[in-house]
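Take a look at the structure below.
Numbering (the numbering used here), first residue to last: 17 to 314.
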């Protein structure tokens, strides 16, 4: 796949997607920090070779929007970690206050050519495939709101720990923007919270407060905001005590039917997205949303 690296300004759909990491390795004997070569890295990966655990920090101000560049960097980072057989666990967290990821970057979809939209959607797929099918133990340390794409990103993980703060929300709220979550978004959520909860959540575009998310199983644990990362690290230690081959085979057994369905229908899914997102009515909805954002900032 040809990865894009040009940087652009960002706007975000509240709740769709995110990604990043591209660059050199700076290593000590047991601890590696991977950074983007740009002056403003969107992703930083800290890898402790002693424990075999990597921490992926999303740090793309202001809200870790899931742009083409961000997702490309994320996919490159994931690929590097997956290739390192000593890396057994990955914690995904945010360095931005009050937000995990606010979702897909509107500017990747508004006023763009069908070719660009197709390229963008392909890297969204790639992010999901790499994370949902990862051999590593993956834990989302959710210390802020995580709508739409941000919710999808957390749903790819094996375990989700969220800050117990009623100001934060999480969910797939695409229908509120006139957008339809594709089948693999839907099936990821069905696999997590069941068919009925997913049906209601997706039709209404619901965003859940942490306690509500815990109740339906959208997150696995709530902890005080200042303890999210600590608890994620402790949870990772427990998961890594399970014999690796048994855990990986079980994970594959549970997730491969959904993964195989996207792989088989990947090109059709891209074409469906491009056909939908380039419709005049959808472009109008995106334009209205961006105008609303401008008014809020004014």
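Using N, Cα and C, we set each Cβ at its ideal position, and we do this for glycine too.
- For residue 89 and residue 239, the gap between their C-alpha atoms comes out near 30 angstroms.
- Taking a contact to require three or more Cβ pairs closer than 8 angstroms, the segment 242–254 and the segment 189–203 do not qualify as touching.
- With distances taken between CA atoms, residue 202 lies nearest to 144 out of 263, 310, 144.
- Under the three-state reduction of DSSP output, residue 152 falls in the coil class, being neither helix nor strand.
- Judged by pairs of C-beta atoms under 8 angstroms, the segment 135–143 does not touch the segment 106–114, as fewer than three such pairs exist.
- The beta carbon of residue 173 is closer than 8 angstroms to those of 108, 147, 154, 155, 156 in its chain, skipping five residues each way along the sequence.
- Per DSSP, the beta bridge partners of residue 187 are 163.
- Counting along the chain, the unbroken beta strand (DSSP E) around residue 62 starts and ends at 59–64.
- Judged by beta-carbon spacing, residue 230 lies beyond the 8 angstroms limit of residue 204, meaning their Cβ atoms are not closer than that value.
- Between the alpha carbons of residue 120 and residue 65 lies a distance of about 32 angstroms.
- Around the Cβ of residue 112, a 10 Å sphere holds 16 or more other Cβ atoms; the residue is buried.
- Bounds of the beta strand (DSSP E) holding residue 109 are 105–110.
- Taking a contact as a CB-CB distance under 8 angstroms, the pair residue 216 and residue 178 does not count as one, their CB atoms being some 20 angstroms apart.
- As summarised for the segment 194–249, the continuous beta strand (DSSP E) elements at least 3 residues long and confined to that stretch are 237–239, given in chain order.
- The bridge partners DSSP lists for residue 119 are 81.
- The residue among 196, 97, 214, 78 with its C-alpha nearest the C-alpha of residue 71 is 97.
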